[in-house]
Each structure stands twice: as structure tokens, then as C-alpha cells.
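One structure below.
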Amino acid sequence: GAGVSQSPSNKVTEKGKDVELRCDPISGHTALYWYRQSLGQGLEFLIYFQGNSAPDKSGLPSDRFSAERTGGSVSTLTIQRTQQEDSAVYLCASSGDRGNTEAFFGQGTRLTVV
Amino acid sequence: AQSVTQPDIHITVSEGASLELRCNYSYGATPYLFWYVQSPGQGLQLLLKYFSGDTLVQGIKGFEAEFKRSQSSFNLRKPSVHWSDAAEYFCAVGPLTGNNRKLIWGLGTSLAVNP
Chain A
-13 GAGVSQSPSN KVTEKGKDVE LRCDPISGHT ALYWYRQSLG QGLEFLIYFQ GNSAPDKSGL
47 PSDRFSAERT GGSVSTLTIQ RTQQEDSAVY LCASSGDRGN TEAFFGQGTR LTVV
Chain B
115 AQSVTQPDIH ITVSEGASLE LRCNYSYGAT PYLFWYVQSP GQGLQLLLKY FSGDTLVQGI
175 KGFEAEFKRS QSSFNLRKPS VHWSDAAEYF CAVGPLTGNN RKLIWGLGTS LAVNP
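Line by line, the protein sequences give chains A and B. Position one of the first sequence corresponds to residue -13 (my numbering), numbered consecutively onward. Position one of the second sequence corresponds to residue 115 (my numbering), numbered consecutively onward.
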């Protein structure tokens, strides 16, 4: 696609429910990132996919968080048994695999856990 | 350890005044450097990037940044700030080469512009 697409744009869920957030990267981009941004805060790295390499999961805050990337394209971030502290904007970005390329961001999914 | 420091959490300037946002980095190799802007309620947009060549790079919206290797800095500047520049600014570094393209981000600087 023309840009990074994230869905849904907003999600309200009850505490304890599972949620899935979707990211469609720019076609052909091999790198894909998930970040979390709480209100007024910076970017918190969650996970990074690069081609066929094992993903860098070092930023996932707990085992309730997981992500996969199918076919090297679409990625899904899953949060199980959501907690109120999971409320944030979840940002996805993608970049190409050549030098001098930047990350392109989606508009994010605003998750509210009530 | 690799890190990016943006020393100023919040800056307020008057419209028309000059602006400099600081970014210092610690990185094991020659980095690829970026500045992004996030306007209220918006996604992140690339302002400019540096990977080689002239150490003074021009970006969108009248911004520029200067790479100073000796100081490990990549400060963002604008000669005359407009009210629409009020936003959050993020500095990031990444590898020039290799398969791992993971970016390291600063915590951001929030810019307020007084009329």
C-alpha cells in the first residue's frame, strides 16, 4: 500500500479481554516495528521484525504480549488479559532493507482498557 | 550501550524566535540519524535524515540539523519558529549497514510556541 496502515484506529476493551492489533506495512518493506506510546510519553520499543530473522522481542513488557508477522508482511500484536496499564497508543512502522532508509509510521491504534 | 539523549524534555519559544533542539547519541558505529515530528493527535513524520556527505542537512518545514561527529550530536534547528511547529520532536539513530535495522530513540522534546 501507499503507507503503513493500522487497524483498528481505536479500540476500547474490558479489563481481562484479549485484543489483536493489526499492521499492514508498506509493500516490500522487510523491517517492521511495534512501539507503545503512553499519553505524553516517548516511544517504548516493543518488538522488531527483520526479514526472515528471529524477531527482537526484547521490548515486550510481559508474556501477555506477543506478535507475529505472517508471510513477511502483515503483523498482529496480541495482548492477552488486558490490564488498565496497557492503555496507550500502539504504533507500527516499517522500513526497507537498504541503506539510507527511514521508518514510516502508521497512525496508530489507541487502546483503552476499561 | 547504544542510546540517544534529548536533554530538553520541554522547550517554550516565542513565535518568530530561533530554535535549537539537542540530540546526543552513543553508538558503536557510524550511525544513520533522524529527526521526526509528532504533531498533536498525529503520527510521526520524518523531518530529515543524515547518513553521509554534508554534515548540515536540510529537511521539511524549514528545519535543518547538523551532524557533529566529535560531539556525537545531531541538533535540530530552525531560524524562525511558527505556531504550527508546536509538537513533539524525536531524535533516532540506526545502523548504516547490516541486516539489523533496529532504531534507537530519544525520549522526545515537547515544543510549545507562544504567540
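Where is the CB? At the ideal position from N, CA and C, for every residue including glycine.
Task: Under 7 Å by beta carbon: chain B residues contacting Ser81 (chain A) - done: When 7 Å is used as the limit between beta carbons, Ser81 (chain A) is near these residues of chain B: Arg215, in chain order.
Open item on the list: What would DSSP say about Glu178 (chain B), mapped onto helix, strand or coil?
Closed with: strand
TODO: Measure the CB-CB distance between Leu135 (chain B) and Tyr150 (chain B) and report whether it falls below 8 Å.
DONE: no
Task: Cross-chain neighbours of Leu225 (chain B) in chain A, by beta carbon under 7 Å - done: Result: empty, since nearest Cβ-Cβ is about 13 Å, beyond 7 Å.
Open item on the list: For Ile65 (chain A) and Ser52 (chain A), I'd like the C-alpha separation in whole angstroms.
Closed with: If you take the alpha carbons of Ile65 (chain A) and Ser52 (chain A), they lie about 7 Å apart.
Open item on the list: Taking 8 Å as the threshold (C-beta atoms), are Thr95 (chain A) and Ser(-5) (chain A) in contact?
Closed with: yes
- [ ] Look at the alpha carbon of Arg50 (chain A) and the alpha carbon of Phe31 (chain A), and state the distance between them as a whole number of angstroms.
- [x] 16 Å
Task: Within chain A, the residues that Phe148 (chain B) reaches when beta carbons sit closer than 9 Å - done: Glu88, Ala89
- [ ] Output the distance between the C-alpha atoms of Thr223 (chain B) and Lys182 (chain B), rounded to the nearest integer angstrom.
- [x] 20 Å
Task: Euclidean distance between Cα positions of Ser73 (chain A) and Lys163 (chain B) - done: 31 Å
Task: Of the residues A:Ala(-12), A:Ser13, A:Gly(-11), A:Leu7, the one placed nearest Thr98 (chain A), counting alpha carbons only - done: A:Leu7
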